Amino acid sequence: MGGVSTLHVHRFGPAAGPVVLALHGLTGHGQRWAALAAEHLTDVRIIAPDLRGHGRSTALPPWDFETVVADLVALLRAETTEPVLVVGHSFGAATALHLADRHPELVRGLVLLDPAIALDPGLLHDIAQRGITHPDYADLEQARRDKLASAWHDVESRLLAAELAEHLVPTEDGRVAWRLSLPAVTSYWGQLARAFVLPPAGLPTVLVQAMKVQPPFVTPAFRTALTAHLGAALTVHEFDCDHMVPQARPAETAALIRAAL
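For the sequence shown, my numbering assigns the number 6 to the initial residue and increments by one for each residue that follows.
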């Protein structure tokens, strides 16, 4: 691992070969891709940054898609001269769409894992408010129970343990909290209310919708627009899982990435 520009970057796989840029979801971190890389994609070069405001990357504003994309452009131009396959989960998938829209020369294809984009503002307000009201936990066990009560309930226990070990840090008052910037994450929830963007026409794109997410993050309006815009360039899969697609369905996710390469 190392730092590039303002981002802390996790790297998996060989130093050469086709590049996958892997983008985590909101409140996540790049290390979330470690098990997928080590167990299913050992021959694939994966670059997985902690996005701005997350993990060990800078937390400085502005906190918007434009700045996150600029961070990624600097990273890609430092890492490779070839366009890359971008795999994004949730907020990371929304970021991937903005990257492809603004810099199509850097993107050879997209794998969008339950993208969160153009969501209901009321829902996002409530999520952001809960994060402000309850920003931390009494201890690790309370954090584990919170994850199990949400989208992590269908993820293997060892992967949840790895998440807690990597991402949970002590606070000044003796509690524990996720390794992230609360101001940044609160701002990013608002970004998910922005209108969706679509990838360039003809760009090979894979869309995965997690069918147990209710209300769905992949809205009917976005899915319909993406289908109409991309036509034969789009492949759609419906996974019978909750929102944490790469962790809940790693073998299936890896197969889609390999096929896209």
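Note that the Cβ used here is the ideal one computed from N, Cα and C, for glycine as well. Predicted, not measured: the structure shown is a model, and the values here were computed from it.
Residue i versus residue j - alpha carbon distance
i	j	result
L89	L26	The sequence shown places Val at residue 89, rather than the Leu named in the question. The straight-line gap from Cα to Cα measures roughly 7 Å.
P205	F17	28 Å
A259	I52	15 Å
T47	A265	16 Å
P255	H158	15 Å
D55	E110	23 Å
G8	A166	Low confidence applies here, because G8 scores a pLDDT of 37, under 50, leaving its location unreliable and the question unanswered by this model.
L1	P23	For the chain, the structure presents residues 6 to 266; residue 1 sits outside this window and is missing.
Q252	A156	10 Å
E84	R57	18 Å
D247	H139	23 Å
E87	D131	41 Å
A200	D141	31 Å
Member of the options whose CA lies at the smallest distance from the CA of residue i
i	options	result
Q36	A170, A156, K152	A170
A133	G179, H172, A200, A189	A189
L80	S62, H94, P67	S62
S162	R149, K217, L173, H172	R149
T32	E257, R263, M249, I262	M249
L77	L41, L28, D141	L28
W194	H13, K217, D125, G114	D125
V49	P140, T191, A20, R184	A20
V92	L117, A105, G30, F70	L117
Residues bridged to residue i (per DSSP)
i	result
F142	Here the sequence assigns Tyr to residue 142, which means Phe is not the residue at that position. According to DSSP, which records beta bridges pairwise, Y142 is partnered with V181.
F244	A215
T191	Answer by DSSP bridge pairing: none, since T191 is not bridged.
V91	L26, L115
Contact belief for residue i with residue j at Cβ below 8 Å, rounded distance in angstroms
i	j	result
A123	F96	Not confirmed; about 12 Å, so no contact.
L173	L129	At roughly 24 Å, the Cβ-Cβ gap does not stay under 8 Å, so L173 and L129 are not in contact.
Residue i at chain D interface by Cβ criterion, 8 Å
i	result
G58	Absent here is chain D; the protein component of the structure consists of one chain.
Cβ-heavy atom distance, residue i to the ligand GTP, below 7 Å
i	result
W157	As far as ligands go, the structure on display features none, and thus does not contain the ligand GTP.
>> Using 8 Å as the cut-off, can you tell me whether the region 231 to 242 makes contact with the region 194 to 213, which would need three or more C-beta pairs spanning the two stretches below that distance?
In response: yes
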